[in-house]
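Just so you know, the sequences run in chain order A and B.
In terms of this note's numbering, the first sequence opens at residue 1325 and continues consecutively.
In terms of this note's numbering, the second sequence opens at residue 1325 and continues consecutively.
Backbone N, C-alpha and C fix where the C-beta goes; we use that ideal spot for every residue, glycine too.
Input: a single structure, listed below in structure tokens.
Number of protein chains: 2
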Amino acid sequence: MPLDFESATPLHVQLRNLLKQEIFKGAYKKKIPSERELMEKYSLSRTTVRLAISQLVHDGVLEKVHGKGTFVKERPIRDWLGSLSSLTETITKMGMKPGAKLLFEGIVKNNDEMKKILNTEQIFIIKRLRYADDIPIAIEKHFFSEDIGKKLQLFDLNKATIYDLLEKELGLSLWKAEQTIMCHPISEEEANYLNLPSSQYALQSKRINFDQNGKPVEILHSVYRPDMYSFHIEMMRTREMDRSF
Amino acid sequence: MPLDFESATPLHVQLRNLLKQEIFKGAYKKKIPSERELMEKYSLSRTTVRLAISQLVHDGVLEKVHGKGTFVKERPIRDWLGSLSSLTETITKMGMKPGAKLLFEGIVKNNDEMKKILNTEQIFIIKRLRYADDIPIAIEKHFFSEDIGKKLQLFDLNKATIYDLLEKELGLSLWKAEQTIMCHPISEEEANYLNLPSSQYALQSKRINFDQNGKPVEILHSVYRPDMYSFHIEMMRTREMDRSF
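What follows is the structure in structure tokens.
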């Protein structure tokens, strides 16, 4: 993807997208090239380069360190645990383009624990590879009751935002979630999808989503690229803590 | 640690502690021996074995699966993100005995970013290995201003709960924390302390603790054994979500 000087897309937007792609592919591990180097490499004005970089700083992809240069920020995708959000929302908030590719949909067998939680005879799984700006960053496995699964199957799951379907098409309202976050080994298949070495550990989460009546409607297992994803939270001290902290 | 039939400590308590030690050392990966096997192995009554196991289920270390047996629960230590807590509190809540060993205390150089956050000329670090029931489960690196560090140095940091010292001895009140959770490679030194293979990834967190005036008083970097530690949170959907979820 070289820059297109004929395109209607402004050059600073093109440069921003190009640099982001390169960063997420691992081209620059820490420091990115200087303004002058970028100007020369792409035949651009200083203003264009500055605009692209300041936008990437705003996006949380780069950070400027006084007197040292501009650096790739660690783990550009920050998942804010302050409220229940979808990955689509998290990626969008970071100024990136969310994407999905359906890997598998259908009935999964032998899952007594999930059947109990979702109160269903059969478990329906939707497994998708998730992208941020076309870079694979996560695998999401959504588990539903057979009933919900069969309804979701009618839509194009390569395109749809699953939570939109749940809410707008199926009339379900997600209200509350319980989430566990851990660091866990990934399978060889997952490693291949995420361009990670096999036998690697990844950031993972398990979540149960409840509707407004407190009924579990979905179990979501997610595997995130450990170099690109982190969770963030702000915590207050509660009264209980005053005694035992 | 064999069982001591002469001890004043009840046998079911001894068995519980012994099993917990063995589980945390990795002796049983999934299923633990049956009641009958434990009765024979340790010459105990069924009542004693049952008491020990039901306590371990209550502690969150084991779980019974109907018709299948008793299993080691994944990641027995669950860190609840609903409020700001210390590791001492988290371990105590899980029914385990917290412990600490001082690995290093002193001035760390070259840390401009931390100096800026803590508004200090020098950074003082307290690095401790943390235990749950005498099993090493985490490494905590506390970073303070030189001023606070010098005061903490006067206490026995192998024994003290650092937050107790901050509150009761130094008159500081912790009010709010910002925490980032990720999956990150560990150093060879960390791997040795935590009995993990080197080149392994671990669950890690970075936290800034603020006092009641919003002033950062501590930066805490923690490395947790990925097979024993996880974070838990309950999230509600907020109004903002209704538009974009």
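Opening and closing residue of the alpha helix (DSSP H) in which residue 1341/B lies: Reading the second sequence from its first residue, position 17 is the one you call residue 1341/B. Residues 1335-1348.
From this set, 1504/A, 1489/A, 1383/A and 1461/A, which residue's C-alpha is nearest residue 1276/A's C-alpha? Outside the shown range of chain A (1325 to 1569) lies residue 1276/A, about which nothing can therefore be said.
Just list the alpha helix (DSSP H) runs in the segment 1455-1526 of chain B, keeping only unbroken ones of 4 residues or longer that don't cross its boundaries, in chain order. 1470-1476 and 1512-1517
Residue 1547/A and residue 1514/A: beta carbons closer than 7 Å? For this step, residue 1547/A is matched to residue 223 along the first sequence. For this step, residue 1514/A is matched to residue 190 along the first sequence. Going by C-beta atoms, residue 1547/A is nearer than 7 Å to residue 1514/A.
For residue 1456/B and residue 1416/B, I'd like the C-alpha separation in whole angstroms. Locating residue 1456/B in the second sequence gives position 132, where the first residue counts as 1. Locating residue 1416/B in the second sequence gives position 92, where the first residue counts as 1. Their backbone Cα atoms lie some 9 Å apart in a straight line.
Taking C-alpha atoms, which residue in 1451/B, 1401/B and 1505/B lies nearest to residue 1428/B? If you number the second sequence from 1, residue 1428/B lands on position 104. In this structure, 1451/B is the residue among 1451/B, 1401/B and 1505/B with its C-alpha nearest to the C-alpha of residue 1428/B.
Along the chain, where does the alpha helix (DSSP H) that runs through residue 1425/A open and close? As a first step, residue 1425/A is located in the first sequence; it is residue number 101 there, counting from the start. Note, residue 1425/A: premise wrong, no alpha helix (DSSP H); beta strand (DSSP E) at 1422-1432.
Residue-level contact to chain B via CB, residue 1566/A, 7 Å cutoff: For the purposes of this step, residue 1566/A is identified with residue 242 of the first sequence, where counting begins at 1. For residue 1566/A, the predicted model reports a pLDDT of 43, less than 50, meaning its position is unreliable and no value from the coordinates is stated.
Let me make sure I understand the geometry here. Which of 1414/A, 1377/A, 1354/A and 1433/A has the alpha-carbon closest to that of residue 1553/A? Residue mapping note: residue 1553/A aligns to position 229 of the first sequence, counting from 1. The shortest C-alpha separation from residue 1553/A is found at 1414/A.
Under a Cβ-count criterion, where at least 16 other Cβ atoms within 10 Å of its own Cβ denotes burial, should residue 1329/A be classed as buried or exposed? As a working note, residue 1329/A is residue 5 in the first sequence. That one is exposed.
Between the beta-carbon of residue 1420/A and the beta-carbon of residue 1384/A, is there less than 7 Å? Here residue 1420/A is taken as the residue at index 96 of the first sequence, counted from 1. Here residue 1384/A is taken as the residue at index 60 of the first sequence, counted from 1. The answer is no: Cβ separation not under 7 Å.
Among 1525/B, 1359/B and 1406/B, whose alpha-carbon lies nearest the alpha-carbon of residue 1501/B? In the second sequence, counting from the first residue as 1, residue 1501/B sits at position 177. The shortest Cα separation from residue 1501/B among 1525/B, 1359/B and 1406/B belongs to 1406/B.
Between residue 1484/A and chain B, is the shortest Cβ-Cβ distance under 7 Å, so that the two count as touching? Taking the first sequence and counting its residues from 1, one reaches residue 1484/A at position 160. Interface flag for residue 1484/A against chain B is unset, since no Cβ pair is found closer than 7 Å.
Looking at chain A, is there any beta carbon in it that lies within less than 7 Å of the beta carbon of residue 1415/B? Position 91 of the second sequence, counting from 1, holds the residue named residue 1415/B. With 7 Å as the cut-off, residue 1415/B does not count as an interface residue toward chain A.
What do you get for residue 1492/A, buried or exposed, if any count of 16 or more other CB atoms within 10 angstroms of its CB means buried? Position 168 of the first sequence holds residue 1492/A. Label assigned to residue 1492/A: exposed.
Measure from the C-beta of residue 1501/A to each C-beta in chain B and report whether the shortest distance is under 7 Å. For the purposes of this step, residue 1501/A is taken as residue 177 along the first sequence, with counting starting at 1. It does: the Cβ of residue 1501/A has a partner Cβ on chain B nearer than 7 Å.
Positions along the segment 1529-1550 of chain B whose CB lies within less than 7 Å of some CB in chain A: 1550
For residue 1564/B, three-class secondary structure by DSSP: The residue labelled residue 1564/B in the question sits at position 240 within the second sequence. Below a pLDDT of 50, predicted positions are generally treated as unreliable, and residue 1564/B, at 48, falls in that range; the measurement from the model is reported next regardless. Correct three-state label for residue 1564/B: helix.
Is the CB-CB distance between residue 1499/A and residue 1536/A below 7 Å? Here residue 1499/A is taken as the residue at index 175 of the first sequence, counted from 1. Here residue 1536/A is taken as the residue at index 212 of the first sequence, counted from 1. Contact check for residue 1499/A against residue 1536/A passes: the beta carbons are separated by less than 7 Å.
Do residue 1341/B and residue 1425/B come within 7 Å of each other at the CB atom, strictly closer than that value? Here the question's residue 1425/B lines up with position 101 in the second sequence. Here the question's residue 1341/B lines up with position 17 in the second sequence. It is not a contact, given that the beta carbons lie outside the stated cut-off.
Identify, in the order they occur along the chain, each residue of the same chain with its Cβ nearer than 6 Å to the Cβ of residue 1549/A, setting aside the five sequence neighbours on each side. One-based indexing of the first sequence puts residue 1549/A at position 225. Taken in chain order, the residues that qualify are 1461 and 1518.
How would you write the range of the alpha helix (DSSP H) that residue 1546/B sits in, first residue to last? For this step, residue 1546/B is matched to residue 222 along the second sequence. It is not in any alpha helix (DSSP H) - residue 1546/B instead sits in the beta strand (DSSP E) that spans 1540-1548.
What residues in its chain sit with their C-beta under 7 Å from that of residue 1410/A, if we drop five residues either side in the sequence? On the first sequence, position 86 is the one that residue 1410/A refers to. So the list reads 1485 and 1487, once near-sequence residues are dropped.
Run down chain A in chain order and give the residues with a C-beta less than 8 Å from the C-beta of residue 1448/B. Position 124 of the second sequence, counted from the first residue, corresponds to residue 1448/B. Going along chain A, no residue has its Cβ under 8 Å from residue 1448/B, so there is no contact; the nearest lies around 21 Å.
Between the segment 1337-1355 of chain B and the segment 1371-1382 of chain B, can you find at least three pairs of beta-carbon atoms closer than 8 Å? yes
Along chain B, in chain order, which residues have C-beta atoms closer than 8 Å to that of residue 1554/A? Locating residue 1554/A in the first sequence gives position 230, counting from the first residue. Those within 8 Å of residue 1554/A in chain B are 1504, 1505 and 1506.
If you measure beta-carbon to beta-carbon, which residues of the segment 1454-1474 of chain A are closer than 9 Å to chain B? none
Cβ-based burial, residue 1521/A [other Cβ within 10 Å; buried from 16]: On the first sequence, residue 1521/A is found 197 positions in, with the first residue counted as 1. Exposed, by the Cβ-count rule.
Run through chain A and tell me which residues come within less than 8 Å of residue 1424/B, C-beta to C-beta. One-based indexing of the second sequence puts residue 1424/B at position 100. Those within 8 Å of residue 1424/B in chain A number zero; the least Cβ separation is about 16 Å.
When we look at the beta-carbon of residue 1370/B and count the other beta-carbons within 10 Å, is it buried (16 or more) or exposed? Here the question's residue 1370/B lines up with position 46 in the second sequence. Burial call: exposed.
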